[in-house]
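Here the sequence shown stands for residues 2 to 214, numbered as in my numbering.
Structure, as structure tokens:
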Amino acid sequence: MSEYPIIPLFPLAVVVFPDQTLPLHIFESRYRELIVDCRAAEAVGGLLPFGISFGRDVTVEREVGCTVVVEKVLTEYEDGRLDIITTGRDRYRLVEVFAEKSYLTAAVEFFEDEEEVADALLLERVREEYGRLSLLIEAESGMQLEDPTPEHSFRLALSAGLPPEVRQELLEMRSENLRLQRIEAHFETLIPELEVLHEKERRVRSNGRTKKI
């Protein structure tokens, strides 16, 4: 018997953050069974979260992931498929992975951030850069970022659409300040590139206009 808690495991090519809302379409039989087990635990007054670790099929590629719980079942299809809404909960590190059921399970060690003094100036700088990014995206596509005033690194990363590899780095960090520094570094590279692209496209549109004589 493992000294660590054992949870169902769902390898998926996404990175989930605590408190993130994640809709899922469950179609494989093994993951339908996983959801059945989670709902059965809830039916008797328990709560069985399952872990989402970055991976594909039955291959787990990163040892740090995040648990989610089923908040709502939107649709149950006649063939057993499900549309569900999940919410991210706790981060974990994989200790051991088991293949004893149709789906993987894992012994995990949960962790939280280390204690530190929050860097309010850093957060303000990153939020200002986020605002610049939001204006660029809106000017280019007409779309607005999801959260106008994100309050912490995970919300910033989620709303800004950071790539999976950067999200995974953030998930593994145990310091809010370090996560903000990483996001700031990403913005410092991304925003100038978008500004150059935006200016080039503006010039192309401008040159394409013909003057009436």
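Virtual Cβ for every residue (Gly too), placed ideally from N, Cα, C.
Being a predicted model, the structure only gives us computed values, none of them experimental.
Separation of the CB atoms of L25 and V98 is rounded to 20 Å, and the pair is thereby denied contact status at 8 Å.
If you draw a straight line from the Cα of V71 to the Cα of L83, it is about 11 Å long. Put simply, of I27, S30 and V65 the residue whose alpha carbon is nearest the alpha carbon of P19 is V65. Between F55 and M174, the alpha-carbon positions lie close to 15 Å from each other. Your pair T68 and Y93 checks out as a contact, with CB atoms roughly 6 Å apart and the cut at 8 Å. Annotation: A44 is outside any beta strand (DSSP E); the continuous alpha helix (DSSP H) that includes it extends over S30 to A44. In this structure, P6 is the residue among T60, P6 and L146 with its C-alpha nearest to the C-alpha of L49. Membership of A119 in any alpha helix (DSSP H) is not indicated, and neither H nor E is assigned to it by DSSP. Between S154 and E117, the gap from beta carbon to beta carbon reaches 7 Å or more. By the Cβ-count criterion, Y78 is exposed, with fewer than 16 other Cβ atoms from all chains shown falling within 10 Å of its own Cβ. Residue environment: G132 is assigned as exposed (fewer than 16 neighbouring CB atoms within 10 Å of its CB, all protein chains considered).
Relative to L137, the option among C39, Q21, L122 and F188 whose CA is nearest is F188.
Burial is judged here by how many other beta carbons sit within 10 angstroms of a residue's own beta carbon; V37 has fewer than 16 and is exposed. H26 has D84 as its beta-bridge partners, per DSSP. Of the residues L146, Y104, E152 and E139, the one whose Cα lies closest to the Cα of V127 is E152.
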